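Beneath this line is the structure, given in structure tokens, with notes to follow.
Residue numbers (the UniProt record's numbering), protein chains in the order written: chain A, 1 to 264; chain B, 1 to 265; chain C, 1 to 265.
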């Protein structure tokens with residue numbers, strides 16, 4: 001027995017090895033995010049003739065554990081844009097606070113009530129791209145991929161993505177994570193080009209997005225059947241945050257073989 | 001057993017994991033960063049200088065891994081105009097490699113050209129712009145912009161000028177250059193078709209007697225056809241190249257932009 | 001000149017509650033030659049009288065572009081104006097880089113306002129000896145702002161600063177109602193007429209001593225508006241406008257309208 005009270009309850013070096021200072025310290029080199037911890041899965045979005053539809057489920061996973069089943073991952077900005085977050089949830093919450101600050105500043109800069117002259121989705125996307133790119137340059141990345149939906153300076157529907165390295169791009173439909181493999185091919189059937197997207201009605205776009213959310217729930221093990229869906233129009237943002245996946249059919253599951261216990 | 005009851009762990013008994021216990025050696029070496037700040041977004045670029053024009057070209061596909069992120073993401077940027085729409089620009093920059101670095105590089109060079117115009121009341125020459133671009137790249141020698149840049153315009157005499165760069169700023173003026181994913185596919189084709197490499201006068205003899213085919217600058221339409229052929233070839237053999245071909249032709253009358261379709265598979 | 005104990009620095013109030021150094025700086029503005037600015041629903045114009053120190057010297061510039069959507073007219077110390085101008089240029093470039101849009105004019109003016117105010121509250125500093133008229137367009141349309149060395153900024157419909165500017169302001173006040181619906185040519189003529197009011201007896205507007213700058217929004221064919229970049233006109237480019245406000249030209253303004261339009265091309 002070691003009678004020094006400091007030693008009580010401490011792991012012994014001959015059993016566990018010497019204490020590794022790098023895991024818990026207040027001094028020394030600052031630790032940046034090494035990997036995402038609590039994560040959100042895919043966000044998907046598609047443009048249609050007078051706006052953009054975006055959806056993401058309400059789950060935040062801790063590895064393979066469905067840790068927080070009621071986390072809203074779509075965020076409205078200045079009543080005119082929507083941002084969808086996938087990736088690390090704490091970084092999402094940090095960005096959310098930052099965006100709140102930005103929108104307050106923006107409201108002060110331009111106190112007029114006609115909603116003109118505010119940051120639009122294109123401006124917001126540019127800003128977030130700069131923000132995430134700076135953090136990657138500092139080797140302190142925000143572990144997210146974001147979709148930004150709204151309107152650009154010419155009042156045309158706008159949809160763009162930016163990720164943890166600051167890579168940004170636009171497309172008639174976009175999806176992050178698993179969605180880029182599962183949902184994007186489905187959405188591209190309806191909106192392969194900007195011209196195709198400009199022909200879609202709101203109802204069609206919502207239908208496609210719901211279909212994609214269903215496919216994602218079938219095949220993405222880190223997904224949930226409760227989700228948020230946002231429709232951005234010139235009039236503003238309609239956000240529903242507690243939707244339930246409808247008309248699921250798991251009949252296809254019977255035909256899947258080779259993973260489970262079945263013998264034939 | 002005696003060691004377990006030792007009052008003096010530092011002598012021979014077991015040590016405990018105190019925060020201040022001296023560490024003999026790093027447990028498994030230095031802890032490594034898992035974050036890789038770079039990706040390759042694929043795509044290819046190409047530039048040909050003519051007698052009184054320059055053609056810049058690039059495909060518009062943006063990939064990450066096997067995914068196509070966007071089918072229309074331009075790699076060609078007009079630089080140094082007075083307004084945001086770059087209507088009166090005379091220089092074109094193409095960037096391929098890591099798209100975010102490419103974007104940052106473009107905006108930096110453009111801002112510098114705008115400040116130059118503000119201070120000196122005249123636009124930057126291609127030569128000056130080319131030198132400045134090299135400095136910008138070299139300033140980040142130890143955390144480079146991961147891009148292969150090509151700068152195109154017309155020189156002081158009105159001749160087509162193409163400057164090509166490596167990611168850390170080495171540069172030279174050339175007749176033509178291909179960059180990016182399919183550079184190794186396109187460049188030999190260009191060597192043969194623009195600089196007439198491995199082409200000889202028929203019947204001029206063998207060995208040292210062989211006469212190289214005389215080099216002469218391409219016409220604009222020949223150049224454009226060459227660019228289209230080069231990209232059709234690259235699309236066929238490289239998965240990261242495709243979707244659209246963006247071409248900018250710089251002449252004394254300004255910059256003409258041409259968009260052509262490429263295979264989307 | 002008149003002196004007292006309270007004008008050695010800009011941090012000490014006089015017993016009457018005045019800060020003399022700031023008031024003296026305002027006097028410096030009145031030493032500069034006159035500049036006039038007017039805003040309508042679609043345009044903002046700046047017009048200025050340029051001075052040459054002596055017959056043999058060139059004329060001192062009065063109008064400066066800041067960014068594509070905003071520019072300034074200066075009255076007072078030109079070198080102080082350059083510091084502010086450089087600052088504004090940097091801010092506009094930075095804003096464009098981070099947000100991809102024109103900096104709102106009020107935001108920009110507030111920035112130089114805060115910057116100038118600091119100089120009036122810190123020991124050892126000197127207020128800027130220059131007044132500005134800032135003309136620009138943003139999402140809310142055209143704007144005209146006045147800036148004073150005290151850090152005061154205010155949005156104006158029309159204003160004049162500089163030597164003998166009271167005469168110009170009287171003209172502007174008389175015609176105040178007309179400005180809102182003026183087109184670009186009409187607005188310039190109002191500006192030049194106001195400028196003429198401020199001229200000393202035997203001087204008149206010439207192509208050498210007159211500068212004109214315009215910024216505005218233009219209605220597109222599809223009904224949307226597009227900013228028309230800030231542009232400064234000097235020399236021969238302003239001759240048609242000067243002729244159109246010449247004393248003998250008042251009778252036939254319709255003909256002058258046509259002449260003025262040509263300048264724009």
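Positions of the beta carbon are idealized from the N, C-alpha and C atoms, including for glycine.
For clarity, every value in this text was computed on a predicted model and none was experimentally measured.
Name the chain B residues that come within less than 8 Å of residue i, Cβ to Cβ?
i	result
residue 96(C)	84
residue 93(C)	111, 114, 115
residue 27(C)	Going along chain B, no residue has its Cβ under 8 Å from residue 27(C), so there is no contact; the nearest lies around 30 Å.
In chain order, what residues of the same chain lie with their CB nearer than 8 Å to the CB of residue i, ignoring the 5 residues before and after it?
i	result
residue 28(C)	76, 77, 129, 130, 149
residue 72(B)	60, 243, 244
residue 64(A)	221, 222
CB-CB under 7 Å to residue i, same chain, minus the five flanking residues each way: which ones, in chain order?
i	result
residue 67(A)	38, 60, 61
residue 36(A)	87, 88, 143
residue 19(A)	none
residue 185(B)	233, 234, 237, 238
residue 128(A)	146, 148, 162
residue 174(B)	162, 164
Can you give me the start and stop residues for the alpha helix (DSSP H) that residue i sits inside?
i	result
residue 106(C)	105 to 118
residue 122(A)	121 to 137
residue 209(A)	202 to 219
residue 191(C)	184 to 198
residue 86(C)	78 to 99
residue 43(A)	Unbroken run through residue 43(A) is the beta strand (DSSP E), 43 to 48; no alpha helix (DSSP H).
In chain B, which residues lie with their C-beta within 7 Å of the C-beta of residue i?
i	result
residue 133(A)	100, 104
residue 189(A)	The contacting residues do not exist; residue 189(A) stays about 13 Å from chain B at best.
residue 136(A)	37
Rounding to the nearest angstrom, what Cα-Cα distance links residue i and residue j in this structure?
i	j	result
residue 160(A)	residue 54(A)	11 Å
residue 33(B)	residue 139(A)	Residue placement at residue 33(B) is poorly supported in this model, since its pLDDT is 49, which falls under 50; the coordinates still yield a value, given next. About 9 Å.
residue 214(A)	residue 173(A)	17 Å
residue 30(C)	residue 171(C)	18 Å
residue 143(C)	residue 135(C)	6 Å
residue 158(A)	residue 77(A)	14 Å
residue 83(A)	residue 167(B)	33 Å
residue 98(C)	residue 69(B)	23 Å
residue 166(A)	residue 146(A)	10 Å
residue 97(B)	residue 75(A)	32 Å
residue 44(B)	residue 183(B)	7 Å
residue 246(C)	residue 240(C)	10 Å
residue 248(C)	residue 133(B)	56 Å
residue 246(B)	residue 135(B)	27 Å
residue 25(B)	residue 17(A)	With a pLDDT of only 49 at residue 25(B), under 50, the local geometry of the prediction cannot be trusted, and no value is derived from it.
residue 262(B)	residue 108(B)	30 Å
residue 262(C)	residue 205(C)	Any reading at residue 262(C) must be qualified, since the residue scores a pLDDT of 45, below 50, and its modelled position is unreliable; no value is offered.
residue 192(B)	residue 199(B)	7 Å
Could you give the first and the last residue of the continuous beta strand (DSSP E) run that contains residue i?
i	result
residue 226(A)	226 to 233
residue 211(C)	210 to 219
residue 242(A)	236 to 244
residue 67(A)	65 to 68
residue 143(C)	141 to 147
residue 53(A)	51 to 57
residue 154(B)	147 to 154
Output, in chain order, the set of chain C residues within a Cβ distance shorter than 9 Å of residue i.
i	result
residue 156(A)	Going along chain C, no residue has its Cβ under 9 Å from residue 156(A), so there is no contact; the nearest lies around 10 Å.
residue 119(A)	99, 101
What does a CB cutoff of less than 6 Å around residue i pick up in its chain, not counting 5 residues either side in sequence?
i	result
residue 169(C)	160
residue 205(A)	46, 48, 53
residue 8(B)	Summary for residue 8(B): the model assigns pLDDT 48, below 50, so the residue's position carries little reliability; its value from the coordinates is reported in the next sentence. Around residue 8(B): no qualifying Cβ.
residue 25(C)	127, 129, 149
residue 124(B)	80, 113, 116
residue 32(C)	75, 76, 162
List the residues of chain C whose Cβ lies closer than 8 Å to the Cβ of residue i, in chain order.
i	result
residue 55(A)	What residue 55(A) touches in chain C: nothing, since even the nearest Cβ is about 26 Å away.
For residue i, which residues in chain C fall below 7 Å Cβ to Cβ?
i	result
residue 122(A)	100
residue 118(B)	89
residue 127(A)	98, 99
Closer than 9 Å by beta-carbon distance: list the chain B residues that pair up with residue i, in chain order.
i	result
residue 229(C)	82, 83
Quick one: list the residues of chain A neighbouring residue i, beta-carbon separation under 9 Å, in chain order.
i	result
residue 67(B)	180, 181, 184
Who are the neighbours of residue i on chain A, taking C-beta pairs under 7 Å?
i	result
residue 62(B)	169
Practice problem: Return the chain-ordered ranges of every alpha helix (DSSP H) run that is complete within the region 9 to 52 of chain C and spans a minimum of 4 residues. | Solution: Runs found: 20 to 31.
Practice problem: Let me know the beta strand (DSSP E) ranges lying completely inside the region 41 to 128 of chain B, each 3 residues or longer, listed in chain order. | Solution: 44 to 49, 54 to 59, 62 to 64, 67 to 70, 76 to 79, 91 to 97
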